[in-house]
Amino acid sequence: MASKKFKSNTIMVPVPSTSIVPERDAGKLPVLETSHLGIEFGGLKAVDDVNLAVGPTEICGLIGPNGAGKTTVFNLLTKVYQPTHGTILLNGKDTAGMTTEQANRMGIARTFQNIRLFNNMTVEENVTIGLHNQIRYNMFSGIFRLPGYWMGEKKQHQKALDLLSIFDMTHLANAKAGSLPYGAQRRLEIVRALATHPSLLLLDEPAAGMNPHETEELMENIIKIRDQFQIAVLLIEHDMNLVMGICEGICVLNYGRVIAKGTPDEIQSNPAVIEAYLGKQKEAK
Amino acid sequence: MNQKHKMTITHLFTHALEICESFLRQPRIMAEKIYQKHKMTITHLFTYALVICAYFACQSMIKAEKMTLSLEGQLVPICAYIVLAVSLNLTVGISGELSLGHAGFMYVGAITGVIASMWMRYAFTEESAFFLFFENMNIDFALVRMLISLIVAGVFAGIVGFIIGIPVLRLRGDYLAIVTLAFGEIIRNIMTCLYVAVNKKTGALNFTFNNSDIPSKDFKLFIKGPTGITGNSPKIATFVIGIGLVLFTLLIVQNLINSRTGRAIKACRDNRIAAESMGLNVTKYKMIAFVTSACLAGMAGALYAANFSSVVPSKFSIDTSILILVFVVLGGLGNILGSVISATVLTLLPELLREFDDYRMLVYVVVLILTMLITNSPIVKSLIGAIKEGAKKLFARKNTENGANS
Numbered sequence: 001m002a003s004k005k006f007k008s009n010t011i012m013v014p015v016p017s018t019s020i021v022p023e024r025d026a027g028k029l030p031v032l033e034t035s036h037l038g039i040e041f042g043g044l045k046a047v048d049d050v051n052l053a054v055g056p057t058e059i060c061g062l063i064g065p066n067g068a069g070k071t072t073v074f075n076l077l078t079k080v081y082q083p084t085h086g087t088i089l090l091n092g093k094d095t096a097g098m099t100t101e102q103a104n105r106m107g108i109a110r111t112f113q114n115i116r117l118f119n120n121m122t123v124e125e126n127v128t129i130g131l132h133n134q135i136r137y138n139m140f141s142g143i144f145r146l147p148g149y150w151m152g153e154k155k156q157h158q159k160a161l162d163l164l165s166i167f168d169m170t171h172l173a174n175a176k177a178g179s180l181p182y183g184a185q186r187r188l189e190i191v192r193a194l195a196t197h198p199s200l201l202l203l204d205e206p207a208a209g210m211n212p213h214e215t216e217e218l219m220e221n222i223i224k225i226r227d228q229f230q231i232a233v234l235l236i237e238h239d240m241n242l243v244m245g246i247c248e249g250i251c252v253l254n255y256g257r258v259i260a261k262g263t264p265d266e267i268q269s270n271p272a273v274i275e276a277y278l279g280k281q282k283e284a285k
Numbered sequence: 001m002n003q004k005h006k007m008t009i010t011h012l013f014t015h016a017l018e019i020c021e022s023f024l025r026q027p028r029i030m031a032e033k034i035y036q037k038h039k040m041t042i043t044h045l046f047t048y049a050l051v052i053c054a055y056f057a058c059q060s061m062i063k064a065e066k067m068t069l070s071l072e073g074q075l076v077p078i079c080a081y082i083v084l085a086v087s088l089n090l091t092v093g094i095s096g097e098l099s100l101g102h103a104g105f106m107y108v109g110a111i112t113g114v115i116a117s118m119w120m121r122y123a124f125t126e127e128s129a130f131f132l133f134f135e136n137m138n139i140d141f142a143l144v145r146m147l148i149s150l151i152v153a154g155v156f157a158g159i160v161g162f163i164i165g166i167p168v169l170r171l172r173g174d175y176l177a178i179v180t181l182a183f184g185e186i187i188r189n190i191m192t193c194l195y196v197a198v199n200k201k202t203g204a205l206n207f208t209f210n211n212s213d214i215p216s217k218d219f220k221l222f223i224k225g226p227t228g229i230t231g232n233s234p235k236i237a238t239f240v241i242g243i244g245l246v247l248f249t250l251l252i253v254q255n256l257i258n259s260r261t262g263r264a265i266k267a268c269r270d271n272r273i274a275a276e277s278m279g280l281n282v283t284k285y286k287m288i289a290f291v292t293s294a295c296l297a298g299m300a301g302a303l304y305a306a307n308f309s310s311v312v313p314s315k316f317s318i319d320t321s322i323l324i325l326v327f328v329v330l331g332g333l334g335n336i337l338g339s340v341i342s343a344t345v346l347t348l349l350p351e352l353l354r355e356f357d358d359y360r361m362l363v364y365v366v367v368l369i370l371t372m373l374i375t376n377s378p379i380v381k382s383l384i385g386a387i388k389e390g391a392k393k394l395f396a397r398k399n400t401e402n403g404a405n406s
């Protein structure tokens, strides 16, 4: 197993040096491996020295208080920002200097914290955009409606409906994406990300704004997706029931640094994590 | 008949009604589904049908000699404006980039198209193999010249569009509008200095930026710098070619929008960041839309120039760009059929307003403002909605009544 040497960043507690990759994936190359990942905006270190390893079929959580830099880590992984320090290895390949679009082709797909759907397009079209690089035909056959167009469209339609059926959304295929209810929009984002055939799925607060029942369903679905597509999932979430319920490994960020790493049980009893989440109470006294 | 029997009969009757309705409901739902599924295709076919119908209507009017000469002279320019509006709609409506340099591409197309057609006129004499080839096939050589000049114009305008697109598409929003406006003017100003002459015997072309460089002997000067295109005769643009170009443009734009490429273009418009993270090369798709649009604008320019014996450069100034943008905005962003209709109506309107004499443009503007206000006012919108609802209800009731009778 390609274990990461873990460098402690926090002064208070030594971070457990065990890797969080589960036993099932032992011996396999991690799908994502970052070392000393960091970015500076001017003088501000938004993310500093983050070391992550995610196994090929692992569900991994990234948690931390607001403003800890979780979404920035996602933006670094998907190359929305270019990291100023460190490296990102995707399936063992360095992604330095790549664009967002190239990173996606390498097998990294994401959803967004504030939903970013193609609002003026139908649900099915949204999913077909995800399939853009999977099912191809050239522009020429598109304009002159050559056989390639009909075959490609048929395949895309079928695949899109298959993907939508994961979340029971096939009946919404012709609805405008912008007119869907909030929960359905979140689910559609996941379907769209899955359509790009990723090996690593990044979910940015997938349960935000969902009621407990919907969250429960989402948890089942995330596990289902992992099993069906054999992909790794890295998720940011504030809902601790979800995180503790499905994540096999958890990484806690605070002020852009990793303060703890480990299994859900380890994290729950980690004093540094408790301090990061509840520390303000002490100060208030 | 006692009460019980009456009850049973009423009961049976209601049942029969329900069954009839359910039989009718199925095909209605089916029809609705088919409409939902092929909504775009139906709209497209309707657009083609409308253009073809308009063509036949005009032809019959010309035959019956009911069309005024000034209106007849407007037919080809209207075709050119429709092509321009539809192509600009691809940039502004579908790709979401506000471009104000469309007349620039039109001018590039006009110049290159005229050069191509003049060159062919003198280079291929009536004895040349090329000429005889079409003569034998019974094809008018003027038509060949027009078609080739359209292709040349499209290619050159596309190339210029690509070159301009490289720096311009890095910008967004207002900056893009300003820079395209500037580029449109730059193109026009460069072209204003250009002199082109053709050797009447050999067909050799002579390009220069200095008027005095042109040898007067045997040469015919047909692009005269600030005076623009002159002596472009005989006119080779016909209404048939114009309608053909409109249909060609509709084919390209509508099919492009509804293919893999078009969806990608729309995705880049709706949400750039999401499109990037879905693995789309945003710049590539913006460029495809921009170049296609420029290419079609060039063709429209060539058609427009071929319809007049002389065209001044000021015809291709910012005013024309704005005029085309007005067509697009009034027809609805992303609405191809709307662009076709608004380009036609707004080109005809000044003709129809001739009675107002000096106040013509004033009335034109008032009409524009009123159209925008009226189509956007909530009262009119709700009225249209109510009419639609009423029609639906009437249709539905008729159906059930028929069902009950049968």
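So the sequences go chain by chain: A and B.
Okay, so the first sequence: first residue is 1 according to my numbering, each after it adds one.
Okay, so the second sequence: first residue is 1 according to my numbering, each after it adds one.
For each residue, glycine too, the CB sits at the ideal point set by N, CA and C.
Interface with chain A (8 Å Cβ-Cβ cutoff): B:Glu-276 is included. Put simply, the CB of B:Lys-381 is far from chain A, with every gap to its CB atoms at 8 Å or more.
Taking a C-beta cut-off of 7 Å against chain A, the contacting residues of the stretch 242-261 of chain B are Ile-252, Asn-255, Leu-256, Ser-259, Arg-260 and Thr-261, listed in chain order. Not flagged as an interface residue toward chain B: A:Met-169, since no C-beta distance is shorter than 8 Å. Cβ contact annotation for B:Leu-71 (same chain, cutoff 7 Å, sequence separation greater than five): Glu-351, in chain order. Residue pairing by DSSP places B:Thr-208 opposite B:Tyr-195 in a beta bridge. Per DSSP, reduced to three states, the secondary structure at B:His-38 is coil, with no helix or strand assignment.
Per DSSP, A:Thr-263 lies in no alpha helix (DSSP H) segment and is marked neither H nor E. When beta bridges are read from the DSSP output, A:Asp-204 appears opposite A:Ile-236. In the assembly as shown, A:Phe-112 is a buried residue. Its beta-carbon has 16 or more other beta-carbons within 10 Å. For A:Cys-251, the pairing in a beta bridge is given by DSSP as A:Leu-62 and A:Lys-261.
Excluding sequence positions up to five before and after B:Gly-96, its CB lies within less than 6 Å of the CB of Arg-269, all in the same chain and listed in chain order. Under the Cβ criterion (8 Å, minimum of three pairs), the stretch 195-205 of chain B does not count as touching the stretch 307-323 of chain B. The beta-carbon separation of A:Phe-118 and B:Lys-286, rounded to 15 Å, does not stay under the 8 Å limit for a contact. Its Cα nearest to that of A:Glu-266, the residue A:Met-244 stands out among A:Arg-257, A:Tyr-255, A:Met-244 and A:Gly-142. DSSP lists A:Leu-37 as the beta-bridge partner residues of A:Val-50. Counting every other CB atom within 10 Å of its CB across the protein chains shown gives B:Gly-301 a total of 16 or more, marking it as buried. By alpha-carbon distance to A:Gly-61, the top candidate from A:Pro-198, A:Leu-278, A:Ala-232 and A:Asn-75 is A:Ala-232. The beta carbons of B:Leu-337 and B:Thr-47 sit closer together than 8 Å. Each residue's CA atom was taken as its position, placing B:Ala-289 and B:Thr-91 some 6 Å apart. Distance between B:Arg-145 and B:Thr-320, taken at the CA atoms: about 26 Å.
Measuring C-alpha to C-alpha distances from B:Phe-162 to each of B:Lys-284, B:Gln-26, B:Cys-20 and B:Gly-385 identifies B:Lys-284 as the nearest. At least 8 Å separates the CB of A:Thr-72 from every CB of chain B. Contact annotation: the stretch 234-251 of chain B touches the stretch 65-82 of chain B, with at least three C-beta pairs closer than 8 Å. At least 8 Å separates the beta-carbon of A:Ile-129 from that of A:Gly-152.
Fewer than three Cβ pairs drawn from the stretch 165-181 of chain A and the stretch 136-144 of chain A lie within less than 8 Å of each other, which leaves the two stretches out of contact. Under the Cβ distance rule, A:Gly-142 counts among the residues neighbouring chain B, one pair being separated by less than 8 Å.
For the set A:Arg-257, A:Pro-212 and A:Pro-198, the Cα lying nearest the Cα of A:Met-240 is the one of A:Pro-212. The residue from B:Ile-229, B:Thr-202 and B:Ala-297 with its alpha-carbon nearest to that of B:Met-191 is B:Ile-229. Under the Cβ criterion of 8 Å, B:Ile-273 is counted among the residues facing chain A.
Straight-line measurement puts the Cα of A:Leu-131 at about 5 Å from the Cα of A:Thr-196. Contact of A:Met-151 with chain B is not assigned, every C-beta pair being separated by 8 Å or more.
Counting the other CB atoms within 10 Å of its CB gives B:Met-361 a total below 16, which places it among the exposed residues. Under a criterion of Cβ atoms nearer than 7 Å, the residues of chain B adjacent to A:Asn-174 are, in order, Gln-36. The DSSP-derived three-state label of B:Asp-140 is coil. Using beta-carbon distances, B:Lys-266 counts as an interface residue toward chain A, with a partner under 8 Å.
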